[in-house]
Amino acid sequence: IAAVFAPLLLASLAAPALNLAEEGRALVVCIGSVMLGLALLTVTRRDTWQRTEGEAPAVEAADALDPLAGQRPEGEAAPNRSTLAEPFWALMRFAVALIAVAAPVASLLGYVNLARYLLENLVWTALGLAGFVIVRRLIGEAVDRLVLVEGAHRGPLARMFALKAGSSQTLAFWLMLLIDLTLLALAGVLLLLRWGVRWADIQNGLNALLYGFKLGGMTLSLLDGLLAMALFAAVLAASRVSQRVLEERVLPHTHLDAGLRNSLKSGIGYVGLAIAIAVAVSTLGIDLSKAALLAGALSVGIGFGLQNIVSNFVSGLILLAERPIKVGDWVVVGTNEGTVRRINVRATELETSQRASVIIPNSMLLSQAVLNWTHKDTFGRVEILVGVAYESDPEAVQRILLDCASVHPDVSRWPAPSVMFKAFGASSLDFELRAFLTNVELKGRVASDLRFAIFKAFREHGIEIPYTQTEVRLRDLERIETLVDKLGPTLRHAQGSRPAAVVTTRPVPPVPAGIEASGIDTGPALPVDNGAQAAAAAAALYAVSTLAEANDPRRDDDGPDRGSR
Numbered sequence: 184i185a186a187v188f189a190p191l192l193l194a195s196l197a198a199p200a201l202n203l204a205e206e207g208r209a210l211v212v213c214i215g216s217v218m219l220g221l222a223l224l225t226v227t228r229r230d231t232w233q234r235t236e237g238e239a240p241a242v243e244a245a246d247a248l249d250p251l252a253g254q255r256p257e258g259e260a261a262p263n264r265s266t267l268a269e270p271f272w273a274l275m276r277f278a279v280a281l282i283a284v285a286a287p288v289a290s291l292l293g294y295v296n297l298a299r300y301l302l303e304n305l306v307w308t309a310l311g312l313a314g315f316v317i318v319r320r321l322i323g324e325a326v327d328r329l330v331l332v333e334g335a336h337r338g339p340l341a342r343m344f345a346l347k348a349g350s351s352q353t354l355a356f357w358l359m360l361l362i363d364l365t366l367l368a369l370a371g372v373l374l375l376l377r378w379g380v381r382w383a384d385i386q387n388g389l390n391a392l393l394y395g396f397k398l399g400g401m402t403l404s405l406l407d408g409l410l411a412m413a414l415f416a417a418v419l420a421a422s423r424v425s426q427r428v429l430e431e432r433v434l435p436h437t438h439l440d441a442g443l444r445n446s447l448k449s450g451i452g453y454v455g456l457a458i459a460i461a462v463a464v465s466t467l468g469i470d471l472s473k474a475a476l477l478a479g480a481l482s483v484g485i486g487f488g489l490q491n492i493v494s495n496f497v498s499g500l501i502l503l504a505e506r507p508i509k510v511g512d513w514v515v516v517g518t519n520e521g522t523v524r525r526i527n528v529r530a531t532e533l534e535t536s537q538r539a540s541v542i543i544p545n546s547m548l549l550s551q552a553v554l555n556w557t558h559k560d561t562f563g564r565v566e567i568l569v570g571v572a573y574e575s576d577p578e579a580v581q582r583i584l585l586d587c588a589s590v591h592p593d594v595s596r597w598p599a600p601s602v603m604f605k606a607f608g609a610s611s612l613d614f615e616l617r618a619f620l621t622n623v624e625l626k627g628r629v630a631s632d633l634r635f636a637i638f639k640a641f642r643e644h645g646i647e648i649p650y651t652q653t654e655v656r657l658r659d660l661e662r663i664e665t666l667v668d669k670l671g672p673t674l675r676h677a678q679g680s681r682p683a684a685v686v687t688t689r690p691v692p693p694v695p696a697g698i699e700a701s702g703i704d705t706g707p708a709l710p711v712d713n714g715a716q717a718a719a720a721a722a723a724l725y726a727v728s729t730l731a732e733a734n735d736p737r738r739d740d741d742g743p744d745r746g747s748r
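So for the sequence shown, the working numbering puts the first residue at 184; every next one is plus one.
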C-alpha cells in the first residue's frame with residue numbers, strides 16, 4: 184500500500200509544477216487507484232488477519248505488553264486482538280473493501296476526483312487510527328506506571344495517596360475511560376475535517392449538542408446532562424461522607440444505642456439521595472408541573488404492579504422511625520432466626536447462626552408477629568427439661584439442678600435459678616430448670632453446658648434417667664394356651680427332624696413400683712429350631728386374629744372389656 188500510495192501522492196503534488204495535462208493526471212490517478220484498490224482488497228481478506236504457527240514470537244511479544252496477561256487463569260488463552268471476526272471489525276472490513284472497489288470503478292468511469300478523494304481519505308484515516316492506537320497505548324503505559332500497585336512496585340500517585348491494589352486499579356480504569364473519551368472526540372473531529380466537513384458545520388453541531396436543542400417543549404443539552412450527573416454524584420458523595428463522619432466521629436461519643444445510630448445514618452443517606460435527585464432534575468430544567476400527567480399514569484402502575492415495592496419501601500421507613508427491630512437484635516421471623524445486620528429500603532438482612540444471610544421483605548416484619556429476644560435488653564431465660572425415674576428423690580433432683588445452674592459463669596445470680604416440678608410423666612418425673620442469662624444470645628451454648636453438667640451430676644448421685652416404658656396387657660390367655668397345645672405335635676415333629684436352637688427373649692427393663700404389667704412373661708428359654716419358626720409365627724398370627732375377632736366391638740356379646748384390644 185505504501186509503495187503504491189507514495190508515488191500516487193507524489194504525482195498529485197508534483198503535477199502543477201510539471202504542467203501535466205488533465206488527461207495525464209487522470210491516467211496517473213486511474214492506474215494508481217486500480218493498483219491501490221487491489222492492494223487494499225488483498226489486505227482486507229479474512230485469512231490475512233488470522234494468526235499462524237509462525238507468528239508465535241509476535242504473539243508472545245504482544246502478550247508481554249498486555250497488562251492483564253498475568254491476571255488470567257492458568258491455561259486460558261489471550262484474546263485474539265488481531266482477528267476481524269468480531270461484528271464491528273467485520274463491518275469495517277466490508278466498508279474498506281467497498282471503497283477499494285468503488286474507487287477504481289469511479290476512476291474508470293471518469294470520476295477521477297471521486298476516486299482520489301476516497302482513496303486518499305481512506306489511507307489517511309487508517310494512518311490516523313494507527314496513530315490513535317499508538318498514543319492510547321503510550322498513555323495507558325504511563326497511567327499504569329503512575330497509578331498501579333504491583334507487588335513491591337507502587338506508582339507515584341499510589342504512594343502519594345496511599346492507594347491499595349484494588350483502589351489503584353479502579354482509579355486507573357476511570358482515568359483511562361476519561362482519556363479514551365477525550366481521544367475519541369479529538370480523533371472524530373480530525374477525521375471529519377479530513378473527509379471534507381467544514382469546521383463551521385462541526386462547531387454548529389457541537390453547539391447544538393452541548394448547549395441544547397428543542398424536543399417538544401423541552402430543551403435537551405449534553406452539557407446540562409453532564410452537569411446534572413456531576414451534581415448528583417457530588418451531593419450523593421457528600422451525603423456518604425456525612426454518614427461516615429457521623430458514624431465514626433460523632434455517634435461514638437453519644438449514649439445512643441446501635442439501632443438508633445443506624446437509623447440516623449440511614450436517614451441521612453435517604454435525605455441525601457432525595458436532595459441529589461432534586462438537584463439533578465432542576466439542573467436538567469424539567470418542569471415538574473408538566474410531568475403531572477405522567478405521574479398520574481405511573482400511579483396506576485404503582486397501584487397494580489409496584490405495590491409490593493412501595494409497601495416494602497414504606498415499611499422500611501416505619502422500621503427506621505418506630506424501631507421495633509434494630510441492627511444487632513436477635514429476632515425470629517417465621518422459621519428464620521438470626522441477628523439483624525442491615526435494614527435497607529426494601530428488605531432487612533438477617534444473619535443466622537450458620538452464617539447464612541436471609542433477606543426478608545420489610546412488609547413481612549410489620550404484617551406478622553416477630554419474636555425479638557433483645558428488643559429492650561439482652562436479659563433472657565433458658566429452660567432445661569429433665570425426666571428422672573420414679574424411685575428418685577425429687578428434693579435431691581432439685582438441689583442438683585440448682586447446683587449445676589449456680590456454678591455456671593453466664594447464669595445470672597438475680598433472679599436466682601429455679602426448678603419447677605412439671606408433671607408426673609408416663610415413665611418419669613418431669614422437672615424444668617429455669618436460669619436467667621445476662622446475654623440471651625448465649626442461650627444455646629449455656630443450655631448445652633447445663634445438660635452436660637446435669638448428666639454428669641446424675642451419674643455421680645445414682646439418679647436414673649429412665650427409658651420410655653410401655654404397659655402391655657394380654658387377654659384370654661387360656662385360649663392362647665389352647666392354640667399352642669394344638670400346635671404342639673407339629674412343633675415336636677419339626678424338632679425331631681432338625682437339631683434345636685435355643686432362642687432367648689430380650690431382657691425387659693425393670694418395672695417401677697406402683698406400675699403393674701399384667702401378663703408379661705419373661706420365662707425360661709423356649710427351645711425352637713429354624714424349621715419350627717414358620718409354624719410358631721403362623722400360630723401367633725392365628726392367635727392374634729382369633730383374639731381380634733373375639734374382641735370385635737361389632738359383636739353382640741357384652742362384657743366389662745368390650746371393645747378393647
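Glycine is no exception: its CB is placed at the ideal position from the N, C-alpha and C atoms.
In terms of residue numbering, what span does the beta strand (DSSP E) encompassing residue i cover?
i           : result
residue 544 : 540-544
residue 350 : Where residue 350 is concerned, there is no enclosing beta strand (DSSP E), although the alpha helix (DSSP H) it sits in stretches over 348-377.
residue 534 : 530-534
residue 626 : Premise fails: residue 626 lies in the alpha helix (DSSP H), 626-644, not in any beta strand (DSSP E).
residue 602 : 601-607
Which two residues bound the contiguous alpha helix (DSSP H) that contains residue i?
i           : result
residue 567 : Where residue 567 is concerned, there is no enclosing alpha helix (DSSP H), although the beta strand (DSSP E) it sits in stretches over 563-571.
residue 552 : First-last for residue 552: undefined, no H or E at that position.
residue 330 : 295-330
residue 589 : 577-589
residue 498 : 490-505
residue 437 : That residue, residue 437, is in no alpha helix (DSSP H); it is neither H nor E in DSSP.
residue 665 : 660-669
So, with DSSP's three-state summary, where would you put residue i?
i           : result
residue 702 : Low per-residue confidence applies at residue 702: pLDDT is 39, beneath 50, and the placement is therefore not dependable, though the value from the model is reported in the following sentence. DSSP places residue 702 in coil when its eight states are reduced to three.
residue 430 : helix
residue 513 : strand
residue 617 : strand
residue 521 : strand
residue 184 : coil
residue 190 : helix
residue 402 : strand
residue 709 : Residue confidence for residue 709 is low, a pLDDT of 41 falling below 50, so the modelled location carries little weight; the figure read from the coordinates is stated next. Of the three classes helix, strand and coil, the one that applies to residue 709 here is strand, per DSSP.
residue 385 : helix
residue 612 : strand
residue 337 : strand
residue 461 : helix
residue 449 : helix
residue 559 : coil
residue 690 : Note that residue 690 scores a pLDDT of 45, beneath 50, so its modelled location is shaky; the value from the coordinates is reported in the next line. Note: residue 690 maps to coil in three-state DSSP.
residue 422 : helix
residue 750 : As displayed, the chain neither begins before 184 nor continues past 748, which places residue 750 out of reach and without an answer.
residue 655 : coil
residue 380 : coil
residue 214 : helix
residue 282 : helix
Between the Cα of residue i and the Cα atoms of the options, which residue gives the shortest distance?
i           : options            : result
residue 624 : 546, 583, 513      : 513
residue 293 : 216, 385, 340      : 216
residue 520 : 503, 557, 528      : 557
residue 622 : 449, 272, 593      : 593
residue 541 : 372, 357, 560, 531 : 531
residue 598 : 337, 324, 630, 563 : 563
residue 373 : 229, 549, 581, 315 : 315
residue 380 : 219, 420, 300, 546 : 300
residue 497 : 465, 545, 647      : 545
residue 324 : 429, 639, 362      : 362
residue 609 : 617, 587, 651      : 651
residue 409 : 576, 466, 186, 298 : 466
residue 755 : 567, 298, 312, 418 : Since the first residue of the chain shown is 184 and the last is 748, residue 755 is not available in this structure.
residue 456 : 322, 626, 417      : 417
residue 506 : 670, 452, 436, 555 : 555
residue 611 : 649, 287, 370      : 649
residue 308 : 626, 186, 275, 655 : 275
Is residue i near the ligand GTP - that is, is its Cβ less than 7 Å away from at least one heavy atom of it?
i           : result
residue 278 : This structure does not include the ligand GTP; it has no bound ligands of any sort.
Our contact map puts residue i next to residue j with C-beta atoms below 8 Å; I'd like the distance itself, whole angstroms only.
i           : j           : result
residue 393 : residue 406 : 5 Å
residue 516 : residue 553 : 5 Å
Practice prompt. Would you check if there are 3 or more beta carbon pairs closer than 8 Å linking the segment 269-284 to the segment 216-225?
Written response: By the criterion of at least three beta-carbon pairs nearer than 8 Å, the segment 269-284 is in contact with the segment 216-225.
Worksheet item: Per the contact definition of three or more C-beta pairs closer than 8 Å, is the segment 314-329 in contact with the segment 338-351?
Response: They touch, by the three-pair rule.
Worksheet item: Just checking, does the segment 419-429 make contact with the segment 490-506 on the three C-beta pairs under 8 Å criterion?
Response: The segment 419-429 and the segment 490-506 do not touch, with fewer than 3 CB-CB distances between them shorter than 8 Å.
Fill in: Cβ contact check for the segment 655-668 and the segment 598-607: 3 or more pairs under 8 Å
Per the Cβ contact rule, the segment 655-668 is not in contact with the segment 598-607 (fewer than 3 Cβ pairs under 8 Å).
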